[in-house]
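S.K.: Numbering that gives the first Met the number 0 numbers the first residue of the sequence shown as 0 and each following residue consecutively.
Cβ coordinates follow ideal geometry from the N, Cα and C atoms, glycine included.
Keep in mind that this is a model prediction, so the values were computed, not measured.
Attaching a single structure in structure tokens format; questions to follow.
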Amino acid sequence: MILVTGGAGFIGSNFVLDWLAAFDDPIINLDALTYAGNLENLAALDGDPRHVFIHGSIGDFERVAALLATHQPRAIVHFAAESHVDRSIHGPEDFIQTNIVGTFRLLEAARAYWNGLDEARKAAFRFLHVSTDEVYGSLLPGDAAFTEAHRYEPNSPYSASKAASDHLARAYHHTYGLPVLTTNCSNNYGPWQFPEKLIPLVIHNALAGKPLPIYGDGQQIRDWLYVADHCRAIRRVIEAGKPGETYNIGGWNEKTNLDVVKTLCAMLDELQPRTDGQAYTTQITFVTDRPGHDRRYAIDASKLERQLGWKPAETFETGIEKTVRWYLDHQAWVNNVTSGAYREWVGKHYGAPA
Ligand code: NAD
Ligand code: DAU
Numbered sequence: 000m001i002l003v004t005g006g007a008g009f010i011g012s013n014f015v016l017d018w019l020a021a022f023d024d025p026i027i028n029l030d031a032l033t034y035a036g037n038l039e040n041l042a043a044l045d046g047d048p049r050h051v052f053i054h055g056s057i058g059d060f061e062r063v064a065a066l067l068a069t070h071q072p073r074a075i076v077h078f079a080a081e082s083h084v085d086r087s088i089h090g091p092e093d094f095i096q097t098n099i100v101g102t103f104r105l106l107e108a109a110r111a112y113w114n115g116l117d118e119a120r121k122a123a124f125r126f127l128h129v130s131t132d133e134v135y136g137s138l139l140p141g142d143a144a145f146t147e148a149h150r151y152e153p154n155s156p157y158s159a160s161k162a163a164s165d166h167l168a169r170a171y172h173h174t175y176g177l178p179v180l181t182t183n184c185s186n187n188y189g190p191w192q193f194p195e196k197l198i199p200l201v202i203h204n205a206l207a208g209k210p211l212p213i214y215g216d217g218q219q220i221r222d223w224l225y226v227a228d229h230c231r232a233i234r235r236v237i238e239a240g241k242p243g244e245t246y247n248i249g250g251w252n253e254k255t256n257l258d259v260v261k262t263l264c265a266m267l268d269e270l271q272p273r274t275d276g277q278a279y280t281t282q283i284t285f286v287t288d289r290p291g292h293d294r295r296y297a298i299d300a301s302k303l304e305r306q307l308g309w310k311p312a313e314t315f316e317t318g319i320e321k322t323v324r325w326y327l328d329h330q331a332w333v334n335n336v337t338s339g340a341y342r343e344w345v346g347k348h349y350g351a352p353a
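Okay, structure coming up:
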């Protein structure tokens, strides 16, 4: 049994589905179902007794403590967060509450539970804190990729809140001995990503005939990783990572935003051409830049490869093709999340949220 937080979000739901496809260990999935949480992602698990969904917040210490006492997990995999940089710029409060205070409360509940375990179960227990490369700040064009030793220089309220949570996770290992592992991953893409993030937003807008907004000059660089590769890396770190260590996860796929958008346009031109025969690139629109926009991220994932034998299975080319095909095949999902209708689905399927 493992406890997953945020398992109805983009990466969390991919992780839950991948885990249950690979193992029989049941999952307790604790998710607050914010706008980003969507149980429709997990509809394939309906009736599967290995998946127990709990609608609740990581910030609710009593609730989490009771869940841990009842289900006795051998690990906690902590995805739950506010994750969108632009939203953090418009309103940082939720990011402080969820990413910092929520993670603190979750760590407190984990510490209390872990202290009560017998020695063998204490030694085997793991708390895996899922974090981001954004905590390291921004790179210049010729700089080496981020290693685990790179100093923390978060630039947005989102990355600052994730950095704070990384420090708390580290302190709970150092001070209390809680077996914490931290992973810092680059930009993920793939199925079930909420269409506020660049790749699904561009696919959605392209098909809807809307502008494809590029912030600033579009020359910012991100290091893209297919989500299934991230999930596999997390599984590997839970099983073989050393408590107290951090592991960078990345795809060795640095691309400018403009190149990513042009690749998506070319793929859509081929798979679902516009009815007027025009190229989707004609919808590209340069808009005002994101304030404080980080110029470049790049992850050096060699520690994870060297020590735990993980490397990505997908290239950007194979991963992006799977992703575009997935969105074309799941237009109903996109329509539900963009219209808010998925909330009705939750009410209909699970009853009114508690
Ligand atoms: P997401 O926004 O798609 O999903 C977040 C999930 O957390 C949602 O299901 C939401 O309902 C849930 N949640 C929010 N507040 C909660 C609370 N208080 N209690 C319980 N659940 C709550 O995010 P994502 O893109 O899947 O990211 C998951 C994690 O991975 C985050 O910690 C993020 O910082 C990290 N990460 C994301 C990326 C990326 O490219 N998306 C890259 C590296 C790291
Ligand atoms: O690097 C890991 C991070 O990647 C995660 O920690 C975050 O949770 C995740 O949201 C992501 O952050 P980014 O800000 O890099 O992702 P986003 O998809 O919002 O933007 C990717 C790039 O595209 C970024 O440089 C901003 C740009 N962009 C984004 C949007 C939504 C645009 O040019 N236009 C847009 O409309």
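1) At what residues does the beta strand (DSSP E) containing Gly126 begin and finish?
2) Exposed or buried, Met0, counting other C-beta atoms within 10 Å across all chains shown (16 or more means buried)?
3) Which residues does DSSP pair with Arg221 in a beta bridge?
4) Could you tell me if Pro140 is buried or exposed, where buried requires 16 or more neighbouring beta carbons within 10 angstroms of its beta carbon?
5) Is the Cβ-Cβ distance between Glu39 and Asn256 less than 8 Å?
6) I need the DSSP call for Thr30, collapsed to helix, strand or coil.
7) Please classify Ser338: is it buried, with 16 or more other beta-carbons within 10 angstroms of its beta-carbon, or exposed?
8) For the alpha helix (DSSP H) containing Ile237, list its first residue and its last residue.
9) Based on the DSSP output, what are the partners of Ile53 in its beta bridges?
10) Could you tell me whether any non-hydrogen atom of the ligand NAD is closer than 7 Å to the CB of Cys184?
11) Short of 7 Å in beta carbon distance, which residues of its chain neighbour Val15, apart from the five on each side in sequence? Order them along the chain.
12) Locate the alpha helix (DSSP H) running through Ala74, then write down its first and last residues.
13) In the DSSP assignment, find the alpha helix (DSSP H) that holds Val336 and state where it starts and stops.
14) Locate the beta strand (DSSP E) running through Leu211, then write down its first and last residues.
15) Anyone know if the C-beta pair for His128 and Asp85 falls short of 8 Å?
16) Ignore the nearest five residues each way along the sequence and tell me which others in Trp309's own chain have a CB closer than 6 Å to its CB.
17) Counting beta carbon pairs with one atom in the region 244-253 and one in the region 207-214, are three or more of them shorter than 8 Å?
18) Measuring straight from C-alpha to C-alpha, what distance separates Glu354 and His149?
19) My output table needs one value for Arg104: the three-state DSSP class, helix, strand or coil.
20) Which class does Asn187 belong to by DSSP, given the choice of helix, strand or coil?
21) Measuring alpha carbon to alpha carbon, tell me which residue in His83, Asp47, Arg110 is nearest Asn187.
22) CB of Asn256 to nearest heavy atom of the ligand NAD: below 7 Å?
23) Output the boundary residues of the alpha helix (DSSP H) element that contains Ile202.
24) Buried or exposed for Val286, please, with buried defined as at least 16 other CB atoms from any protein chain shown within 10 angstroms of its CB.
25) Once you ignore the five residues that flank Cys264 on each side, which residues in its own chain have a CB closer than 7 Å to its CB?
26) Using the beta-carbon count (16 or more within 10 Å), is Lys241 buried or exposed?
27) Excluding five sequence neighbours on each side, which residues of the same chain lie with their C-beta closer than 6 Å to the C-beta of Ala79?
28) Name the residue from Leu167, Leu180, Val260 whose alpha carbon lies nearest to the alpha carbon of Pro199.
29) Just verifying my parser: in three-state terms, what is the DSSP assignment at Asn40?
30) Taking just the CA atoms, how far does Val100 sit from Arg169?
31) Are Phe355 and Ala74 touching if we call contact CB-CB under 8 Å?
32) In angstroms, rounded to a whole number, what distance separates the CA positions of Ile202 and Leu138?
33) Return the CA-CA distance between Ile10 and Leu224, expressed in angstroms with no decimal places.
34) Given Arg110, which residues of its chain have a CB within under 7 Å of its CB, disregarding the five upstream and five downstream residues?
35) Can you tell me the Cα-Cα spacing of His173 and Val179, whole angstroms?
36) On the DSSP letters alone, give me the boundaries of the beta strand (DSSP E) that Leu116 sits inside.
M.R.: Looking at the atomic coordinates:
1) The question names Gly, but residue 126 in the sequence shown is Phe. Unbroken beta strand (DSSP E) run through Phe126: 125-131.
2) exposed
3) Lys254
4) exposed
5) no
6) At residue 30 the sequence reads Asp, which differs from the Thr that was named. Of the three classes helix, strand and coil, the one that applies to Asp30 here is strand, per DSSP.
7) exposed
8) 226-239
9) Leu29
10) yes
11) Val3, Gly6, Ile26, Asn28, Leu41, His50
12) Counting along the chain, Ala74 falls outside any alpha helix (DSSP H), though it belongs to the beta strand (DSSP E) covering 74-77.
13) 330-338
14) 211-214
15) no
16) Ala232, Arg235, Leu303
17) no
18) Outside the modelled stretch of the chain, which goes from 0 to 353, sits residue 354, for which no answer is possible.
19) helix
20) strand
21) His83
22) no
23) 197-206
24) exposed
25) Ala205, Ala278, Tyr279, Thr280
26) exposed
27) Thr4, Gly5, Ile57
28) Val260
29) helix
30) 15 Å
31) Look at the range of the chain in this structure, 0 to 353, and you will see that residue 355 is not part of it.
32) 28 Å
33) 11 Å
34) Tyr171, Tyr175, Leu177
35) 9 Å
36) Unbroken run through Leu116: none, as it is neither H nor E.
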